[in-house]
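> Numbering (the working numbering), first residue to last: 13 to 395.
Where is the CB? At the ideal position from N, CA and C, for every residue including glycine.
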Amino acid sequence: MWNVLALDGSNWQRVDLFEFQKDVEGPVVENLSKRCGGFLKSLSLRGCQVITDQALQIFAEQCRNIEALNLNNCKKITDLTCESLGRHSHRLMKLDISSCPELTDNSLKAISTGCKYLEHIDISWCVNMTDDGVDILTKACPRIAVFICRGLQHITDYGIEQLAIHCSNLKKLNVQGCQNVGDEAIAAVSNHCRGLVSLCLSNCTRVTDTALQALGTGCHNLRTLEVSGCTHLTDSGFQSLTRNCHELQKMDLEECIQITDATLAHLASHCHRLSALTLSHCELITDEGIRHIGSSPSSSETLTVLELDNCPLVTDVGLEHLVNCTSLQRIELYDCQLITRAGIRRLRNRLPNLRVHAYFAPVTPPPSVGGGRQRYCKCCVIL
């Protein structure tokens, strides 16, 4: 009976071979494709680094009803694979080709010719892709709602502007580490993509308060904002953002080294759904800022994660302001030099289910405001 079921392609609509990535070679994919044929709708070959174009060309020909395909880190594939997908995979809606270094704009052009239903694409770390490819893709695939392009230095404001103009249904955008993406791109997104709910700008070092002001004007449904390493952002920008973006739930402000307690006051006043907040290396934050967060009317119900590592001005007093945050599940206190074990113990007595991650550097480092993150030796005392 089991043998019969295994040989029946209709039972293989979704296949994930990640756990077997080291063993998966071309013939495996070819045989799977022939066995499953039109039944296969979702396939993950993530991490299968020996897979080549030949196997995926056969896959595209045999499995024409594929809707979701993950080729992350399939380093040997080239534009030929995407040409086959464009030719045969007309129902494709979700495609991950991240970390495939041989792919170029020609892949995006090929996908644009045949994958008109595409809604989700990840091209992160495809270092040869540029604005030209994004322009062609987005004009042909207006249904794109999720666009991820981490670490692409050839993607600039122009590429993201074209995405925003042609894909106004965009819900999630991740341009982490795209250092040529700045305020103009975010202004375009804010103007055209009013339904945006998740935005990652981490390490987009050209981004300034102008971007936050634009988001506050146009993207009122924003729930997740990650701006780690955006060192030009200030309290003024976050004031503009929080005034209208009341749905924010997750914020990563790591290394936003210019923000002060004023930003936390704005968050506490306007963002009553906040569940996860990262303030690591925000070295101007003090106990007063933590008081704002802890005394927010909604903190006791919504805040579950708070990351404060390397906040040298936060003390045990700051922890005392968190005792009413009964939903808090995890707090990060690495290298908070003025926090003691006694302070942590008192907090855990009030919040017994709280997980506290803390260890301490042997010496309090000087603030790094005005420069990049300072790294220093840490000892291994775990609490």
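Out of 268, 327, 281, which has the shortest C-alpha to C-alpha gap to residue 214?
Residue 268 is the option with its Cα nearest to residue 214.
> Whose C-beta lies closer than 6 angstroms to the C-beta of residue 218 among residues of the same chain, with five residues either side of it excluded?
The residues are 194.
> Between 154, 158, 179, 188, which lies nearest to residue 167 when the distance is taken from Cα to Cα?
When each option's Cα is compared against that of residue 167, the closest is 188.
> Thinking C-beta only, is residue 278 closer than 8 angstroms to residue 251?
The answer is yes: Cβ separation under 8 angstroms.
> Are the beta-carbon atoms of residue 280 and residue 248 separated by less than 8 angstroms?
No.
> Who does residue 317 pair with in a DSSP beta bridge?
Residue 317 pairs with 288, 342.
> Note down, one range per segment and in chain order, each beta strand (DSSP E) of at least 3 residues found wholly within the segment 147-183.
The qualifying runs are 158-160.
> Indicate whether residue 54 and residue 79 have their beta-carbon atoms separated by less than 8 angstroms.
Yes, they are a contact pair.
> Any idea what DSSP makes of residue 384, helix, strand or coil?
Caution is warranted here: a pLDDT of 48 is assigned to residue 384, below 50, making its placement in the model unreliable, and the coordinate value is therefore given only provisionally. Residue 384: coil per DSSP, three-state reduction.
> Given a threshold of 16 other Cβ atoms within 10 Å of its Cβ, counted over all protein chains shown, does residue 69 qualify as buried or as exposed?
It counts as buried.
> Measure the alpha-carbon distance for residue 208 versus residue 354 and round it to whole angstroms.
Residue 208 and residue 354: Cα-Cα distance of roughly 43 angstroms.
> Identify every residue that forms a DSSP beta bridge with residue 212.
Answer by DSSP bridge pairing, in chain order: 186, 238.
> What residue does the alpha helix (DSSP H) around residue 58 start on, and which one ends it?
Counting along the chain, residue 58 falls outside any alpha helix (DSSP H), and DSSP gives it neither H nor E.
> Whole angstroms is fine: what's the gap from residue 67's alpha carbon to residue 366's?
Going from the Cα of residue 67 to the Cα of residue 366 covers about 49 angstroms.
> Can you give me the start and stop residues for the beta strand (DSSP E) that residue 139 sits inside?
It is not in any beta strand (DSSP E) - residue 139 carries neither H nor E in the DSSP assignment.
> Within the same chain, show all residues whose beta-carbon is closer than 6 angstroms to that of residue 289, passing over the 5 residues directly before and after it, in chain order.
Cβ neighbours of residue 289 beyond the five flanking positions: 263, 318.
> May I ask you to list the residues that DSSP assigns as paired with residue 80?
Per DSSP, 54, 106.
> Distance check for residue 328 and residue 302, CA to CA, integer angstroms please.
Near 11 angstroms, if we compare the C-alpha coordinates of residue 328 and residue 302.
> Can you tell which of 261, 246, 286, 35 has the C-alpha that lies nearest to the C-alpha of residue 270?
Cα-wise, what sits closest to residue 270 is 246.
> Where residue 312 and residue 282 are concerned, what is the direct C-alpha to C-alpha distance, given to the nearest angstrom?
The alpha-carbon atoms of residue 312 and residue 282 are separated by roughly 15 angstroms.
> Check each candidate in 92, 73, 59 and name the one with the smallest Cα separation from residue 82.
When only C-alpha atoms are compared, the closest one is 59.
> DSSP three-state call for residue 327: helix, strand or coil?
In this structure, residue 327 counts as strand in the three-state DSSP scheme.
> Taking residue 76 as the reference, which of 61, 65, 48, 87 has the closest Cα?
Of the candidates 61, 65, 48, 87, the one whose C-alpha sits nearest the C-alpha of residue 76 is 48.
> Identify the residues that DSSP records as bridge partners of residue 206: which are they?
According to DSSP, residue 206 bridges with nothing at all.
> Does the Cβ-Cβ distance between residue 156 and residue 130 come in under 8 angstroms?
Contact flag set, yes.
> Across which residues does DSSP place residue 247 in a beta bridge pair?
Beta-bridge pairing links residue 247 to no other residue.
> DSSP has residue 255 in a bridge; who is on the other side?
In DSSP, residue 255 forms no bridge with anything.
> Within 10 angstroms of its Cβ, does residue 304 collect 16 or more other Cβ (buried), or is it exposed?
Result: buried.
> Do you know how far the Cα of residue 309 is from the Cα of residue 339?
If I take the Cα positions, the gap works out to 13 angstroms.
> Does DSSP classify residue 333 as helix, strand or coil?
If DSSP states are grouped into helix, strand and coil, residue 333 belongs with coil.
> Quick check: residue 119 and residue 153, are their CB atoms within less than 8 angstroms of each other?
No, Cβ-Cβ distance for residue 119 and residue 153 is not below 8 angstroms.
> Nearest to residue 316 by CA position, among 368, 352, 300, is which residue?
Ranking the options by Cα distance to residue 316, first place goes to 368.
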